[in-house]
């Protein structure tokens, strides 16, 4: 395995890793944004309509 | 003919090299780097980095010292008082160096450049803060490419920091063996299983370990973007900011002065005598051996003298570094050094990184309450301790002798049947008189401990 690594340019192996990492981070960023939007949507509706919430309890 | 010598560690980068001439360090910029060098200045990146104190400033000199065919420019960087290496830093020094590298990378991207090198040897500490020293590490940013120095950054910074964080122990010493950085396969084997719950470990260690081995031939097929690169750098930055080593953990040493049975009164008396011994010392730099929490380094620093403060106890040095960080600029550089095994000469020809003892020679050396540890616990003969201190001292030495009658010495020999004898003040003075002239000798009141000030014989 070490012999194999010797023939890889230091940058080349890491290019593919960075592609995948960038993909994962982009996906996480997307879901985080979506989650924040959902959260803010519900918190807005909560604020605008508090009596309904308490009557449900 | 001016004295001209190429630096033994400056050979990797074809863009230029560091050389020593007329008592100063210079950097030659080669013609092959001309375009990048011009962009560094014209893009405003150089002035931005200087204004943030991220990069060591230089002056452009129009002189081809070595009469090199490839010469483009000569730079005279601001000279540094001490060169330290990553395997001598504490956890937070390495962490700050890593964060500086990422901040520089982030600023560079905004100016259309990137760091092509991310080795920790490109960072030095100046007045208590990390500073980037290699002005030839910048290159034009190709927006379609990921970060060429990503793997190097991980190996030199991220992996040792992750190991320190998850194992809660100093792992920087591993960088003496793996001076190009800890390989990903080693890091992934050393990290504990619970670390796998962390996204940064999963992405940068485990994924890199399995994917990074494959030479990827399709790298040109998919394009990287600036947005992706920034996200990667930001993620590395936030991951590293979260890493820490507990400084509250009590080691034998990091509460030495707080808990010692001799306590406050001893320290007060010792400080009075120390200040008096320091008062008429004329020195340009100092070395504090066994500095612990840096109590006496701080007194030397009050005299505007730069101090290299060393101790083998990582948590003490880390604690000391963090406390100094709150009051920048600091004249003190705390380093993790074991005097019984100081940093060796390593790298090509064993000449790339010099030994600690070669670099650490100082006008003033202080060695307070360490001689008994070296002789009684480490079994180093008194004559060798004297020789070591003599090799480090240019002008003056302030040294404390802790006799056998002292409770701390008794504690050290408690379980020992043998130790180097005779261990007393006479033997101590005899060994040191080979190299030093005794100038002052003061007994610390209410103890049998003696503080000496000695002058190095020329």
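Residue numbers (the working numbering), protein chains in the order written: chain D, -13 to 43; chain E, 8 to 465. C-beta atoms are modelled at their ideal positions from N, C-alpha and C, and glycine is treated no differently.
Could you pull the start and end residues of the alpha helix (DSSP H) that residue 169/E belongs to?
166 to 174
Under the three-state reduction of DSSP, which class applies to residue 28/D: helix, strand or coil?
Three-state DSSP puts residue 28/D in a helix.
From which residue to which residue does the alpha helix (DSSP H) around residue 307/E run?
Element bounds for residue 307/E: 302 to 308.
Since residue 17/E is in the alpha helix (DSSP H), which residue starts that stretch and which ends it?
First-last for residue 17/E: undefined, no H or E at that position.
Give the residues from the stretch 233 to 255 of chain E that approach chain D closer than 7 Å (Cβ to any Cβ), ordered along the chain.
235, 238, 239 and 242
If the cut-off is 9 Å on Cβ atoms, which residues from the stretch 158 to 172 of chain E count as contacting chain D, listed in chain order?
Residues are counted here when their Cβ sits less than 9 Å from a Cβ of chain D; for the stretch 158 to 172 of chain E these are 158, 159 and 161, given in chain order.
Once you ignore the five residues that flank residue 268/E on each side, which residues in its own chain have a CB closer than 7 Å to its CB?
Caution is warranted here: a pLDDT of 47 is assigned to residue 268/E, below 50, making its placement in the model unreliable, and the coordinate value is therefore given only provisionally. Once the five neighbours on either side are set aside, the close Cβ partners of residue 268/E are 414.
What's the C-alpha gap between residue 248/E and residue 105/E?
The C-alpha of residue 105/E is placed about 10 Å away from the C-alpha of residue 248/E.
On the premise that residue 50/E lies in contact with residue 119/E, defined as a C-beta separation below 8 Å, what is that separation, rounded to the nearest angstrom?
6 Å
Check residue 362/E in the structure and name its three-state DSSP category.
coil
So is residue 20/D buried or exposed if we call it buried at 16+ other beta carbons inside 10 Å?
exposed
Using a Cβ cut-off of 8 Å (strictly closer), state whether residue 0/D contacts chain E.
yes
Pull up the distance between the alpha-carbon of residue 6/D and that of residue 0/D, whole angstroms please.
10 Å
Compare the C-beta of residue 154/E against all C-beta atoms of chain D and say whether one is closer than 8 Å.
yes
Considering only their Cβ atoms, is the gap separating residue 346/E from residue 372/E smaller than 8 Å?
No, the Cβ-Cβ distance between residue 372/E and residue 346/E is not below 8 Å.
Just to confirm the assignment, what range does the alpha helix (DSSP H) spanning residue 331/E have?
321 to 332
Who are the neighbours of residue 375/E on chain D, taking C-beta pairs under 8 Å?
In chain order: nothing, as chain D lies at least about 46 Å away.
If we cut at 8 Å on Cβ distances, does residue 268/E have a partner in chain D?
Note that residue 268/E scores a pLDDT of 47, beneath 50, so its modelled location is shaky; the value from the coordinates is reported in the next line. It does not; no Cβ of chain D falls within 8 Å.
Run through the DSSP bridge pairs and tell me what residue 339/E is partnered with.
Per DSSP, the beta-bridge partners of residue 339/E are 314/E.
Given that residue 20/D touches chain E, what residues does it touch there, using C-beta distances under 7 Å?
Chain E residues near residue 20/D: none, gap ~17 Å exceeds 7 Å.
Please list, in chain order, all residues of the same chain as residue 515/E whose beta carbon is under 6 Å from its beta carbon, the five residues on each side excluded.
Nothing in the structure corresponds to residue 515/E, since chain E is present only between 8 and 465.
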